[in-house]
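Which chain is which? The protein sequence lines are A and B, in order.
This note's numbering puts the first residue of the first sequence at 1, with every later residue one more than the last.
This note's numbering puts the first residue of the second sequence at 110, with every later residue one more than the last.
To start, the structure itself, in structure tokens.
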Amino acid sequence: METIVQNMQGIPLNHYILFCSVIFAIGVIGVLIRRNVIIIMMSIELMLNSVNLLLTAFSAYSGDPSGQVFVFFIMALAAAEVAVGLAIIVMVYRNTRSVDINALNRLRG
Amino acid sequence: MSVFYFVAFLSVFFALMTIFTKNPVHSVLYLVITFFTFTVHYILLNAQFLAVVNFIVYMGAIMVLFLFVLMLLNLNKDTEPLKSNLVKFMGVIAGMCLVVTLAGSFRALESSESIILKDPDIGLVGNLGRVLFSEFLLPFEISSILLLTAMVGAVLLAKNDPKKA
């Protein structure tokens, strides 16, 4: 454990911020370029995870455990979101026989 | 120190593979690897509790759920709906613009000093549990209600309607 802590010395917080924004942007690109609903949800998970990592980095940086507790709550929220979202996807697939996001434009009023 | 940069490179690489792979099953597997690299990041930050939770909940539960639904719907490369190349190109450009905007705004920050764990025990289970059950007791209990609601909702949504079928 000591060596791990030693390993962490010397990484600027800015690099963490930059890395997490890159991962977040990859998630945004995934939402924009894919039409499969499941892949879109996976991209959303990617975005949630980048925010989680950034919260943890800030928490370690400022020595405040609240950030890591928030990450724990976000994980519980993500689990709930995925369960409901996948149930909706299964339902949509049953009605339209496809997971294409464009099949949902009949929701338009 | 260079461990972080290596693992960060792996995360970005596998995240890119996740969104650019045509086969959805491969996509999920790449996402599992991405989350594994995130677990390594948590260990590097000495957030051991979050590392374990990330490993069990994300890689173990959520990703298996994704994989399960993919298998259930029998999706593969042939059924994959694709966007036109123009839309893809525009999407990538938009994402790049987001990165450039964020990176440009970070230049306004003064260069931060490196992360030094003032209190290395901060991410251990005992310490987090003490905070969770004193300061954040009410949100913790509410999140249990949230999970119950999500479970009931998911079962209700995915259940076949016997009257209709």
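The beta-carbon is built from N, C-alpha and C at its ideal position, and this holds for glycine as well.
State buried or exposed for residue i, treating a residue as buried only when at least 16 other CB atoms are found within 10 Å of its CB.
i, result
"I128 (chain B)", "buried"
"E219 (chain B)", "exposed"
"A160 (chain B)", "buried"
"M205 (chain B)", "exposed"
"G232 (chain B)", "buried"
"G213 (chain B)", "exposed"
"A217 (chain B)", "exposed"
"V84 (chain A)", "buried"
"R97 (chain A)", "exposed"
"L246 (chain B)", "exposed"
"N183 (chain B)", "exposed"
"T56 (chain A)", "buried"
"G63 (chain A)", "exposed"
"I171 (chain B)", "buried"
"S253 (chain B)", "exposed"
Whose C-alpha, out of the options, is nearest the C-alpha of residue i?
i, options, result
"F276 (chain B)", "B:T146, B:M199, B:L176 and B:M205", "Not covered by the structure: residue 276 (chain B). The range shown for chain B is 110 to 274."
"V116 (chain B)", "B:T148, B:Y139, B:L138 and B:L140", "B:T148"
"I251 (chain B)", "A:D64, A:A80 and A:N52", "A:A80"
"S136 (chain B)", "A:I40, A:N49, A:G63 and A:Y16", "A:I40"
"L77 (chain A)", "A:P12, A:Y93 and A:N49", "A:N49"
"L179 (chain B)", "A:Q68, A:V99 and A:Y61", "A:V99"
"L174 (chain B)", "B:L246, B:D228, B:V162 and B:V141", "B:V141"
"H150 (chain B)", "A:V69, A:L54 and A:L107", "A:L54"
"L153 (chain B)", "B:D228, B:T258, B:F113 and B:G262", "B:F113"
"N105 (chain A)", "A:I44, A:V37 and A:A87", "A:V37"
Please name the residue or residues paired with residue i in a DSSP beta bridge.
i, result
"D100 (chain A)", "A:N36"
Could you tell me which chain A residues have their CB closer than 8 Å to the CB of residue i, listed as they occur along the chain?
i, result
"I171 (chain B)", "E45, A78, A79 and V82"
"V121 (chain B)", "F19, V22, I23 and I26"
Got a sec? Which residues, its chain only, sit under 7 Å from residue i by beta carbon, not counting five neighbours each side?
i, result
"L46 (chain A)", "I23, I26, G27 and G30"
"L119 (chain B)", "T146"
"Y299 (chain B)", "Absent from the model: residue 299 (chain B). The displayed extent of chain B is 110 to 274, so no value can be given."
"N236 (chain B)", "D230"
"M241 (chain B)", "Reading off the sequence shown, one finds Leu at residue 241 (chain B), where the question assumed Met. The answer, listed in chain order, is F249."
Applying a beta-carbon distance threshold of less than 9 Å, which residues of chain A neighbour residue i?
i, result
"M168 (chain B)", "Those do not exist, as M168 (chain B) stays about 11 Å from chain A at its closest Cβ, beyond 9 Å."
Near residue i, which residues of its chain fall below 8 Å by C-beta distance, leaving aside the five closest residues on each side in sequence?
i, result
"M75 (chain A)", "N52"
"Y93 (chain A)", "V99"
"P190 (chain B)", "none"
"M42 (chain A)", "G30"
Just the chain A side, please: which residues come within less than 7 Å of residue i by C-beta, in chain order?
i, result
"N185 (chain B)", "By Cβ distance, chain A contributes nothing, its closest Cβ being about 11 Å from N185 (chain B), past 7 Å."
"F147 (chain B)", "N49 and L53"
"H150 (chain B)", "L53"
"V208 (chain B)", "S21, V22 and A25"
"V178 (chain B)", "I38, L86, I89 and V90"
"E189 (chain B)", "N36"
What in chain B is Cβ-close to residue i, meaning under 7 Å?
i, result
"V99 (chain A)", "L182 and L184"
"I74 (chain A)", "Neighbours of I74 (chain A) on chain B: none; closest Cβ ~10 Å, over 7 Å."
Give me the chain B residues within the contact set of residue i, using Cβ-Cβ distance strictly less than 8 Å, ordered along the chain.
i, result
"V92 (chain A)", "Chain B residues near V92 (chain A): none, gap ~10 Å exceeds 8 Å."
"R34 (chain A)", "I128 and K192"
Excluding the 5 residues flanking residue i on each side, which residues of the same chain have their C-beta closer than 6 Å to its C-beta?
i, result
"K186 (chain B)", "K131 and N132"
"Y61 (chain A)", "L13"
"Y167 (chain B)", "F144"
Starting from residue i, find everything on chain B with Cβ-Cβ shorter than 9 Å and list it in chain order.
i, result
"T56 (chain A)", "H150, Y151, L154, A156, L159 and G232"
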